[in-house]
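Report on one structure; see the data block that follows.
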Amino acid sequence: MESALAWVALFPVQLALFLPPATIPPPDAEEDSRLQMNKVRAQLIGAFKEQLEMRRSLLELENTNVELHIDTSRHLLTIADWERERTHHLVRRARTPGRDQEPVEANADGGEGESAEPHEVALAREEVSMLLAEQRRTAALKAGLEQCLANAKKKVSQMEKLLPAQVISEDQREVLRLLCRAHELEVENTELQASSLCRKNLLCQKDFVIQRYHQHRLLCEQIIQDQRQLLQGEPARPAPCPRL
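UniProt numbering puts the first residue of the sequence shown at 1, with every later residue one more than the last.
In structure tokens:
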């Protein structure tokens, strides 16, 4: 009886000899999930900020491009107004008796007749050349930035595809969905600003073009009136110079 009790008492020790060693418990799963969540969120926020900066830069380039086009149109219209006025004066001179030799005499004396190009017209031609070069440079910058933005979009799209495998809890998924939605709203806001700026610049350009067409119409009316007076034998009045 005593030997049986002794064997029973030693049974746990003998059993322990045949069991595998105790395993070390894994790290805290919740802490790992939190660290992983912070890492994914930081990556997304960095990618979103990069896209927003690119979109803002594109917006600034587009604004600069519109301003360059407006300035170029203004200088081109200045040149066109002078050329129309010059042609008008040449026609009047050709139809006025006794003034056929005046341009030749003026050019022979000082090289500066009535057809000489004014300083503001020469300056407008220089400005047009510089503005066209600036437009080409802006277009190249815009094309490169659009390519970088397309690459950034692909990177974010790949990150979003990996989210279900990296995120464990439903709360983390909800946080990331809200983060993505906030980024979408910021992008929409930037696009609305771009559309508003483009409309504003187009309206300014339209008003400028309408003003120049009005000046052109006044000049054409004056030319028609002078031609009628020449046909009737009356002296033509000097045409008013369009205000730039």
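Each residue gets a CB set at the ideal place from its N, CA and C atoms; glycine is no exception.
Backbone CA spacing between residue i and residue j [nearest angstrom]
i	j	result
Gln-229	Gly-144	59 Å
Pro-191	Leu-52	Pro is not the amino acid found at residue 191; the sequence shown has Glu there. Taking the straight line from one Cα to the other gives about 10 Å.
Gln-43	Met-37	10 Å
Ser-73	Ala-116	23 Å
Glu-127	Glu-134	10 Å
Asp-81	Cys-148	43 Å
Ala-150	Glu-50	12 Å
residue 291	Glu-174	Nothing about residue 291 can be read from this structure; the chain reaches only from 1 to 244.
Arg-41	Cys-198	34 Å
Gln-225	Arg-136	43 Å
Reference residue i; option with closest CA among the options
i	options	result
Ile-45	Gln-227, Glu-186, Ala-140 and Glu-62	Glu-186
residue 250	Arg-34, Leu-68, Lys-49 and Lys-39	Given a span of 1 to 244 for the chain in the structure shown, any question on residue 250 remains unanswerable.
Lys-142	Glu-62, Gln-232 and Leu-231	Glu-62
Glu-184	Val-121, Phe-48, Arg-84 and Lys-39	Phe-48
Met-54	Ala-152, Gln-193 and Cys-220	Ala-152
Leu-203	Leu-35, Val-66 and Lys-39	Val-66
Buried versus exposed, by CB contacts within 10 Å (16 or more), residue i
i	result
Asp-207	exposed
Leu-131	buried
Asp-32	exposed
Ala-124	buried
Arg-92	buried
Arg-217	exposed
Answer yes if the region 52-70 comes into contact with the region 169-181, meaning at least three C-beta pairs across the two stretches below 8 Å, and no otherwise. no
Is it the case that the region 173-192 contacts the region 66-78, given that we only count it when at least three CB pairs across the two stretches are under 8 Å? no
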